[in-house]
Structure formats: structure tokens, C-alpha cells
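In my numbering, the protein residues as written are 4 to 150. Every residue, glycine too, gets a C-beta built ideally from N, C-alpha and C. Remember, predicted model here, so these are calculated numbers, not experimental data. Read the structure below first, then the notes.
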């Protein structure tokens, strides 16, 4: 596990060695964990017209705009609408190492791969991760792979 500033600060504050579960028990709100699971790691995914999309991001207007702009290329429409910037998920990210955001992105990729396979076993999805070295931080998206 990478060294996290928040854990080091907490250990200094309480004055001793503890394990990760002590930290979680003392500092993490279960409702926040639920929100992370529900909206980041296992979000609602909807079949909409020709594609599969994050339910919180899809609308008739968004679909039509991107479908026309991308000349009906449903793979590109899925990529754009399902595109998530990891930095934008967190408003309180001052003094957080980029390594943390990279690891969160990798965790999202793993959860989405398993989740999509579980929800739609007869479909084949690609979950893409970009480390953000050429963009605004790490990004994750998914789209269908057509044979």
C-alpha cells in the first residue's frame, strides 16, 4: 500500500501505531462509502438507444448532440458520454499526490470491468484508462466492442 498523508497525520495525532481498520472506523462515514460505491465504482448503467451509458450522464439531448457530432459512431458516443475525469470526482483534493488519483482510476477500471461483465454478460465492453499525462489527470471510460 502506498504511503498516505492522511494516515500519517492521523497516527501522529493519536500518538501511536494503529491499523487501517482503526482509521476507517474512526474517520470514514458509511454514507460516503455507499456514495462512492453507488456512483463511482458500481454506477447505474442504462441501455439507451444503441449504446450503454452511465445513467447519471445520459440524456436525450446529450445523446443526440454527440451522435450527430460524431456522425453516428456509437463507440465514440459511448466513449465521450461515459468519460470520467478522476480529478473532478473530488472537490477536496488539495495536497493529494497524483499517485492517489492514478490508483483510484485503476480501481475504477477494475470495478467497471467486473460490473459490466456481471450486468451484461452477453456484451463485450472495453474499459479504457488514461493516466492523464497528456490531459487533465487520469480518465476512465467504457464502450462496447463490436465483433
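From residue 122 to residue 41, what does the alpha carbon distance come to, in whole angstroms?
14 Å
Limits of the alpha helix (DSSP H) - the one that residue 108 falls within:
101-122
Using the Cα positions of residue 157 and residue 28, report the straight-line distance between them to the nearest angstrom.
Residue numbering for the chain in the displayed model covers 4 to 150; residue 157 lies beyond these limits and cannot be assessed.
Short check: CB of residue 49 to CB of residue 62, under 8 Å?
no
Inter-residue Cα distance where the pair is residue 129 and residue 110:
15 Å
So within the region 5-76, which uninterrupted alpha helix (DSSP H) runs reach at least 4 residues, ignoring any that extend past its ends?
8-17, 23-30, 33-39 and 63-72
Cβ-Cβ distance between residue 87 and residue 142 below 8 Å:
yes
For residue 90, the three-state DSSP class (helix, strand or coil):
helix
Reference residue 38; option with closest CA among 93, 73 and 84:
93
Does the separation of the CB atoms of residue 44 and residue 114 fall below 8 Å?
yes
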